[in-house]
Amino acid sequence: MLAAGLTALVAVGAAVLVGAVRDPGAPAPESLDRPAPVVTSEPAAAPARPAATRPAPESAGPLRPAPVTTTPAPRTPTAAASTPASRERRRTAAPRTPPTTPPTAAPATGGRATFYTLASLPNCGYEDAAATGRYVALSPAEYAGSAACGTVLDVTGPNGTVRVTVSDLCPECGPGHIDLAAPAFARIADPVAGIVPVTVARVVDPPTPGPIRIRVKEGSSQYWLAVLPLDTGNPLGSVEARTATGWQRLIRSTYGYWIAEQGAGPGPVPLRLTDDRGHTATATVTVTPGTTQTTGARLY
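What follows is the structure, encoded as structure tokens:
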């Protein structure tokens, strides 16, 4: 019995000794039979969203040609695109042609108008056109080789009416399309519009700022003479120079001047002007190149 008690005591002591050696805070070892973790595949990437499509923007209007230089002599557009912004355009005069029958009075016609800024002399040669802000350019068919130069028009748009003088050629314009000075356009429509419907009426026998003035072109002499009548009111139908052999008909150029190819003598030279309404006046000029001379004559 004593032996049995000693055996039990020894067993208890061994158990206490083993418990003292192991760290009571250490976790119990994991089972080697733990199942492997389940691996899930990454979700497939979402399909790419198609890019939104939008219709191509519509053109704001036909492109205008780039500016070219205009001088009274042959030159080298407008617009520039037809946009709400002001444009600057210089023009190209066509080669000289025989006189063309000028337009006659007509009722108001419909059309459309754009605007531009004159950067140099207009094709009609009017030096003060830019300063007035009341110039207008016509299509080649309506410009008629400069026969329309000096024609006075009343142009009516959405906001009112403005009076302008034909002073220039718009090479890219079609019939019924007029190109107004920017200040003139602003009187009949909002410039933001860029292009507006208008009606156009010829003004017959309009008031003139004074007597006829005549500019004698550079290079003129007794052997070659070119003159540009100003402030005539109506466009001219003919210009004649008095020479030793009688009245000589001058040739109309495409840039507004009337030319005596063989000259008209040393001068002073009497000139007979007839407008497209049949009014006639006679004025005399000296052959002094590059001058503008006030004559005192009026056509009506």
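Numbering follows numbering that gives the first Met the number 0, with no gaps: position 29 of the sequence shown is 28.
Ideal Cβ positions, reconstructed from N, Cα and C, are used throughout, including at glycine.
On a predicted model such as this, the values are computed, not experimentally measured, just so you know.
Decide if residue i is buried, meaning its Cβ has at least 16 other Cβ atoms within 10 Å, or exposed.
i, result
"Y222", "exposed"
"V191", "exposed"
"A296", "buried"
"E217", "exposed"
"A280", "buried"
"P228", "buried"
"G209", "exposed"
"G159", "exposed"
"A294", "The residue asked about is misnamed: residue 294 is Thr in this sequence, not Ala. Buried: at least 16 other Cβ atoms inside 10 Å."
"G193", "buried"
"R201", "buried"
Would residue i and residue j qualify as a contact pair, given that the criterion is a beta-carbon distance under 8 Å?
i, j, result
"G178", "T113", "The amino acid occupying residue 178 in the given sequence is Asp; Gly does not appear at that position. Their beta carbons are under 8 Å apart, which means D178 touches T113 by this criterion."
"L272", "T231", "yes"
"L298", "D274", "yes"
"L224", "V161", "no"
"G110", "A180", "no"
"C172", "S138", "yes"
"G144", "T253", "yes"
Please classify residue i: does DSSP put it in a helix, a strand, or coil?
i, result
"P234", "coil"
"V284", "strand"
"S220", "strand"
"T150", "coil"
"R297", "coil"
"V135", "strand"
"E141", "helix"
"T279", "strand"
"I187", "helix"
"A181", "helix"
"A130", "helix"
"A192", "helix"
"V203", "coil"
"I211", "coil"
"S166", "strand"
"L272", "strand"
"E41", "Summary for E41: the model assigns pLDDT 42, below 50, so the residue's position carries little reliability, and this model does not support an answer."
If distances are taken between C-alpha atoms only, which option among the options comes closest to residue i?
i, options, result
"V197", "L117, R248 and P157", "P157"
"H278", "I258, R248 and N233", "N233"
"V268", "T283, G255 and T291", "T283"
"S219", "T131, A118, P288 and A130", "P288"
"L117", "Y256, A129, Y125 and V203", "A129"
"P106", "I250, N122, D153 and S119", "D153"
"T108", "T290, E141 and A188", "E141"
"V135", "C169, L235 and I187", "C169"
"G175", "R186, I187 and V195", "V195"
"P206", "R186, F184, V163 and Y254", "V163"
"W257", "T244, L235, G245 and W246", "L235"
"G255", "I187, V165 and T155", "V165"
"R186", "T155, T293, G124 and Q247", "T155"
"P251", "Q292, V226, G245 and D189", "First, the amino acid is wrong: residue 251 is Arg here, not Pro. Taking only the C-alpha atoms, the option nearest R251 is V226."
Could you check if residue i belongs to the surroundings of the ligand COA, using beta carbon to heavy atom distance under 7 Å?
i, result
"D230", "By its list of ligands, the structure shown contains no ligand whatsoever, and the ligand COA lies outside what it can speak to."
Against chain B, does residue i count as a neighbour if the rule is that its beta carbon must be under 8 Å from one of theirs?
i, result
"C148", "No chain B is present in this structure, which holds just one protein chain."
Check your understanding: Does the pairing of the segment 209–216 with the segment 136–152 give three or more beta-carbon distances under 8 Å?
Key -> Contact between the segment 209–216 and the segment 136–152 is absent, because fewer than three Cβ pairs lie under 8 Å.
**Study point:** Touch test, the segment 258–266 against the segment 231–244, Cβ-Cβ under 8 Å, three pairs minimum
**Key:** With three or more CB-CB distances shorter than 8 Å, the segment 258–266 counts as touching the segment 231–244.
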